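A.B. asks: First the structure, then my questions, so here it is.
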Amino acid sequence: MPGVTQSTARPYPLPADEAGRLAELRRYDILDTPQEEDFDHLVLLASKLLRAPVALISLIEDERQWFKAKVGTDIPEVSREVSFCTHAILREAPVMVVPDARLDPRFSANPIVAGPLNVRFYAGAPLTAPSGHRLGALCVHDFEARPEGIDPEEERLLAALARAVVDRIELRRTTAAHRAGQERFERITATSPDAIVCADSDGRITSWNAAAEALFGYAAGDAVGRPLAMLVPEAKRGRHEAGFARAVAGEPVPAVGRTLELEALGRDGRAFQAEISLSTWREGGKAGFGAIIRDITERKAAEARLLHLAHYDTLTGLANREHLRRALRRTVEAATRHARSSALLLVDLDHFKNVNDSLGHAAGDALLAEAAGRLRGGVRERDVVARIGGDEFAVLLDGLEGADTAAAVAAKLIVALGEPFILEGRRVHVGVSVGVALCPHDGDAVDTLMANADLALYRAKKEGRGRYQFFDPNLRVAVEARRRLDLELRRAVAEEEFLLHYQPQVRLDDGAVVGVEALLRWNHPERGLLSPGAFLPALEESSLAAQAGSWVLRAACLQARAWLDAGLPPLRVGVNLSAAQFHSGGLASQVERILVETGLPPERLELEITENILLKHESQIIEPLRRLRRLGIGVAFDDFGTGFASLSHLRRFPIDRIKIDRSFIADIGGKADGGTIARSVVGLGKSLGLQVIAEGIEDEDQAGFLRLHGCDEAQGYLYGRPMPPEDIERRLRGQRSPVPNDA
Ligand code: C2E
Ligand code: MG
Ligand code: MG
């Protein structure tokens, strides 16, 4: 038989789709469910129409036939072995008819045929699900045989009733699914923290959860059935209704699937910020709407706070760097579009660090706040005033008449900030430097303007603070040259392009060389041998200063030791120190270590310190110097007389020698009072028991003058220029051993 597999293990045939059929049947979830009136009606109808005492809706499971509805019997199910319907579902025909079961070899031995029940006639129409699987059959039995079978009219009726049964089974399933969905929906919405509101195509609320009750203040009973528009503030209702009408008409609703921020209205008349996600669907040919609504008032407030934080400086209340950049961007755009000019002023407090260090951070903060107020007071309301760094401010003057105005404002701000500040009862002066860049004149991009104003500021500070400076393209050239130099210096340190020259220092009495000063040279691969004037300022400002300084120390000590080993007369070697060597700390122990490593006796080393270093870094310097002197190392006060060191300083500093700056030596022999200063410095030194050496001696007159006035030593071109160490050696070999001068 086609479409049938005869199982050897089973005494009944199975349809070819048996596994799929069983799975489908189980999906209907109908087996062993209670009686249902609709099905009962259908079997009753079948029994009546076919005049049969028994009618059944049978569903065929794996090994049994279960009756969803029955007439004429109380049996709930029978085994599949005795089932007629098991055969009916094999047939392609709409109805299987067995006129007399006793005469049919398939059923003649069937106990319900042969036994006391004595069933004779059967007609069954398969229950074909929309999937094509036959779930069972609607059948009738009679205890009399009907040799004539059934007529075509009866056959049609039975088949039609079978279809009605299937429709009913189908309906049962969709209703169940719907009910489960509805239940799920209700359970979810009941516990959702967000308000969930549904509405029908008339805009009437159909669903209202607990969170909606809490959010809007209406109980579900008060809300369901009322117009959705009541949740929309009066002013927004027109738009809401127009949008709703479009959605009902089936037009695409752009708001669907996105999160919107809207205003919503509560029962108490309070409008609040809400985040809303909308969805729509069609139900019975009509539109349905759903909205998930969340109160975001707090979030909005937090966002506003963050936004403020992101744009304003908390200490001064001024705009911050980010805000300034935005304003600058707008300015730049306006400048290009409307030929409007503006000016960016960078304002830097001149001695802020001192205040912070000496009076503490609270005073520093108070100063910044006060300075901010003065800046704000010095410009128009619409100008942006920002704090863009610790003690750095910026002012953006928009819609400027000309550069003169910018200059006038800069001058005004300098005056305003030059007034003393009263901090912790003290009058404090700070002052500012200002760098100005004009837009579009000095740049039409935010970064360029900032960088150019910064260059101008840098220059203003260099030129002596308390000034303003306009940007000038030459500034950039200078800065770039400087940047290049910095890079080259880095390489110079790494590649050891530095070397030392030595300049003799002689005793004026007899002209004997008693010492040398080590002077740094840079053997630049392109520019040749460079003197410190060409690179020292850059080196000292860079992070390499300390490293280079210790290189010099070690190299000079090594050289001095080498001369000693070569049997040359004992020499003192002078080494210049830079401020950075004191900052890094541990100078004394470093010097000690170098002396140990090189084996140079301490009294052979003299450290030269300029007045500037001494005065500026007094607190960091005195102690290390004392320690070094205790070791026997000499300390000389270099370039003496060029700065502001006074007699009292000379007493306080632990020094052995002063070096009269060469500018005072050059005076000797010139004007009438030439040499006065040199002479008094010598006298001063002597009175304090210090050694005195004169720098820059170029002629015999100068040497004679100094010798006359009791100066101990001299250094200058007259005795020799700074020279490579070999030249010093040659020079010393020709000289008899000097008598130690303070023997
Ligand atoms: P300084 O310590 O006062 O060194 C003396 C400077 O005067 C040297 O210039 C020297 O060449 C110059 N000089 C010597 N005799 C005469 C003279 O008769 N006439 C004239 N016109 N000049 C004379 P240099 O070598 O260019 O050094 C300049 C400055 O650079 C030094 O002044 C010193 O402050 C600094 N310096 C040099 N080497 C080093 C170093 O290794 N470390 C540190 N930190 N600074 C150094
Ligand atoms: Mg020196
Ligand atoms: Mg000097």
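For the sequence shown, my numbering assigns the number 501 to the initial residue and increments by one for each residue that follows. From the three backbone atoms N, C-alpha and C, an ideal C-beta is built for every residue, glycine too. Nothing here was measured: the structure is a model prediction, and the numbers come from that model.
(1) Roughly how far, in whole angstroms, is the beta-carbon of Ala645 from the beta-carbon of Asp600, given that I think they are within contact range, below 8 Å?
(2) So, is Asn1076 buried or exposed, given that buried needs 16 or more other C-beta atoms within 10 angstroms?
(3) Cβ of Gln1215 within 7 Å of any heavy atom in ligand 1?
(4) So, under 8 Å CB-CB, Val1014 and Arg1072 are touching, yes? Tell me the CB distance rounded to an integer number of Å.
(5) Count Cβ pairs between the region 869-879 and the region 823-843 that sit closer than 8 Å; are there 3 or more?
(6) Is the distance from the Cβ of Leu900 to the Cβ of Ala835 below 8 Å?
(7) Is the beta carbon of Leu845 closer than 8 Å to that of Ala953?
(8) Would you tell me roughly how many angstroms separate the C-alpha atoms of Leu556 and Lys786, rounded to the nearest one?
(9) Tell me whether the beta-carbon of Ile1113 lies closer than 8 Å to the beta-carbon of Val1135.
(10) What's the C-alpha gap between His678 and Leu627?
(11) What residues sit near ligand 2, counting only those whose C-beta is closer than 6 Å to one of its heavy atoms, in chain order?
(12) Per DSSP, Phe893 forms a beta bridge with which residues?
(13) Going by alpha carbons, who is nearest to Leu635 out of Glu518, Gly738, Gly717?
(14) So is the beta-carbon of Leu1206 under 7 Å away from any non-hydrogen atom of ligand 1?
(15) Short check: CB of Ala729 to CB of Glu713, under 8 Å?
(16) Measuring CA to CA, which of Asp1161, Thr1142, Gly1132 is closest to Pro485?
(17) Report yes if the C-beta distance between Arg1221 and Leu1190 is below 8 Å; otherwise report no.
(18) Between which two residues does the beta strand (DSSP E) containing Asp540 stretch?
(19) Any heavy atom of ligand 3 within a distance shorter than 7 Å of the CB on Asp1161?
(20) Is the beta carbon of Glu1195 within less than 7 Å of some heavy atom of ligand 3?
(21) Helix, strand or coil for Leu824 per DSSP?
(22) Would you please state the rounded distance, in angstroms, between the beta carbons of Leu917 and Leu859? I believe it to be under 8 Å.
(23) Taking the DSSP output, what are the residues bridged to Ala960?
(24) What does the alpha-carbon distance come out to for the pair Arg959 and Asp1161?
(25) So, for Arg1255: in the same chain, excluding its five sequence neighbours on each side, which residues have a beta-carbon less than 6 Å away from its beta-carbon?
(26) Do the CB positions of Ala1203 and Leu1218 come within less than 8 Å of each other?
(27) So what's Gln1047 in DSSP terms, helix, strand or just coil?
(28) Along the chain, where does the alpha helix (DSSP H) containing Gly743 start, and where does it finish?
(29) Tell me the rounded alpha-carbon separation between Met1223 and Arg984.
(30) Taking the alpha-carbon of Arg782 as reference, which of Phe772, Glu751, Arg976 has the nearest alpha-carbon?
(31) Using CA atoms only, rank isn't needed, just tell me which of Glu1017, Lys962, Pro1025 is closest to Ala992.
(32) With Thr708 and Val724 assumed to form a contact (beta carbons below 8 Å), what rounded beta-carbon distance in angstroms separates them?
(33) Report yes if the CB atom of Gln1081 is closer than 8 Å to the CB atom of Gly1049, and no otherwise.
(34) Which residue marks the beginning of the alpha helix (DSSP H) containing Val909, and which one marks its end?
(35) Once you ignore the five residues that flank Val619 on each side, which residues in its own chain have a CB closer than 7 Å to its CB?
(36) Taking all protein chains shown into account, decide if Arg1230 is buried (16 or more other Cβ within 10 angstroms of its Cβ) or exposed.
C.D. replies: Put simply:
(1) 4 Å
(2) Counting every other CB atom within 10 Å of its CB across the protein chains shown gives Asn1076 a total of 16 or more, marking it as buried.
(3) yes
(4) 6 Å
(5) no
(6) no
(7) Between Ala953 and Leu845, the CB-CB gap stays under 8 Å.
(8) 40 Å
(9) no
(10) 23 Å
(11) Glu1017, Asn1076, Glu1108, Asp1138
(12) Val847, Arg887
(13) Answer by Cα proximity: Glu518.
(14) At a cut-off of 7 Å, the beta-carbon of Leu1206 does not count as near ligand 1: no heavy atom of the ligand is closer than that.
(15) no
(16) The first residue shown for the chain is 501 and the last is 1243, placing residue 485 beyond what the model contains.
(17) With a cutoff of 8 Å on beta-carbon distance, Arg1221 and Leu1190 are scored as not near each other.
(18) Looking at the DSSP string, Asp540 is not in any beta strand (DSSP E); the run it does join, the alpha helix (DSSP H), is 537-549.
(19) Yes.
(20) Yes.
(21) helix
(22) Contact flag wrong, Cβ pair sits at about 17 Å.
(23) None; Ala960 has no bridge partner.
(24) 29 Å
(25) Look at the range of the chain in this structure, 501 to 1243, and you will see that residue 1255 is not part of it.
(26) yes
(27) When DSSP states are grouped into helix, strand and coil, Gln1047 belongs to the helix group.
(28) 737-748
(29) Taking the Cα positions, Met1223 is about 28 Å away from Arg984.
(30) Glu751
(31) Pro1025
(32) First, the residue type needs correcting, since residue 708 is Trp and not Thr in the sequence shown. Right, the Cβ-Cβ distance comes to about 5 Å (below 8 Å), so this counts as a contact.
(33) yes
(34) 903-918
(35) Ala601, Ile612, Val613, His641, Phe643
(36) Arg1230 counts as exposed, since fewer than 16 other C-beta atoms from the protein chains shown sit within 10 angstroms of its C-beta.
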